[in-house]
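Heads up: the structure comes next, in structure tokens.
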Amino acid sequence: MSKILKDLQEILLQGQKLSMQGSLDRRMPDKKSVPFFIGARKGLKEYVTLNPTDSTGWRLLSKVEESLLNYPEALSSLQKTIELGGRDKKDLKKIALLKECLTSWGELELTPEQLDSLGDYLEDKLKDYECNHTLSFTKEWIDENMLESKKTRIVKAINGKGGFCDCEVLANVIRD
Ligand SMILES: [Zn+2]
387 MSKILKDLQE ILLQGQKLSM QGSLDRRMPD KKSVPFFIGA RKGLKEYVTL
437 NPTDSTGWRL LSKVEESLLN YPEALSSLQK TIELGGRDKK DLKKIALLKE
487 CLTSWGELEL TPEQLDSLGD YLEDKLKDYE CNHTLSFTKE WIDENMLESK
537 KTRIVKAING KGGFCDCEVL ANVIRD
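Numbers 387 to 562, taken from my numbering, label the letters of the sequence shown in order.
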């Protein structure tokens, strides 16, 4: 591995240590880690532009995109890695997982940032009020933040993930 790629990998690892994410976690990475990921992504994008056939660069880029919850980019970078002959035993499983994440995000129609904001909203409300076995706070957030035309589909997708009341949304949709 070249020196520049090693340095970028080091930045990525520092970000991962600070991110507090599990694998394919839907939570945004911890704020402290974001500058590392953004920096690593910028460097890696430049690197793969200059060295488009280096599969290791694409693999690292895929990891950064995954950490930033950019699943389409994580997937295409990993596919590029494999195309270039850099395939690893676990890659096919990872590709399947990334595709799954893409589908479930697609159904939910919420960006990672929106999901994060809904989670904060619910945590805040449920500190002061007990869950009343309805989606009242979730619907409040949806009313304030989402387009009218999307509302019904979002509630349906939330139900589909096991969220039938506010505390279940926190447990099953935001933190699953
Ligand atoms: Zn509840």
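Ideal Cβ placement from N, Cα and C applies to all residues, glycine included.
For residue i and residue j, what's the separation of their Cα atoms in angstroms?
| i | j | result |
| --- | --- | --- |
| S462 | Y515 | 43 Å |
| A543 | I390 | 43 Å |
| H519 | E554 | 9 Å |
| R493 | N456 | Here residue 493 is Glu; the residue named in the question, Arg, does not match the sequence. Cα to Cα, the separation comes out at about 16 Å. |
| L506 | I540 | In the sequence on display, residue 506 carries Asp and not Leu. Approximately 18 Å between the Cα atoms of the pair. |
| D502 | L436 | 35 Å |
| R561 | E526 | 20 Å |
| S388 | M406 | 28 Å |
| L504 | D474 | 36 Å |
| G425 | E432 | 11 Å |
| P498 | K511 | 20 Å |
| W491 | N558 | 14 Å |
| K485 | E530 | 30 Å |
Let me confirm a value: residue i is counted as buried when at least 16 other C-beta atoms fall within 10 Å, else exposed. Which label applies?
| i | result |
| --- | --- |
| G546 | exposed |
| R445 | buried |
| E396 | exposed |
| P458 | exposed |
| R427 | buried |
| E451 | buried |
| L478 | exposed |
| L496 | buried |
| G549 | buried |
| L521 | buried |
| L464 | buried |
| L533 | exposed |
| T524 | buried |
| L399 | exposed |
Starting from the Cα of residue i, find the closest Cα among the options and give me that residue.
| i | options | result |
| --- | --- | --- |
| C551 | R539, C517, E526 | C517 |
| F423 | S448, L484, D502 | S448 |
| L508 | Y433, T520, L556, Q402 | L556 |
| A460 | D474, L483, K475 | L483 |
| K417 | S535, L404, D474, E530 | L404 |
| Q402 | V420, M387, S388, T489 | V420 |
| W394 | Q407, L430, V434 | The amino acid at residue 394 is misidentified as Trp; the sequence shows Leu. Nearest C-alpha to L394: L430. |
| P415 | E432, I528, L533, S453 | S453 |
| Q500 | K480, C487, I528, T538 | I528 |
Handout entry: At least 3 beta-carbon pairs within less than 8 Å: the segment 435-451 vs the segment 466-486
Key = yes
Practice task
Measuring from each Cβ to the nearest heavy atom of ligand 1, keep the ones under 7 Å and list them in chain order.
Solution key: Here the residues come out as C517, H519, C551, D552, C553, E554.
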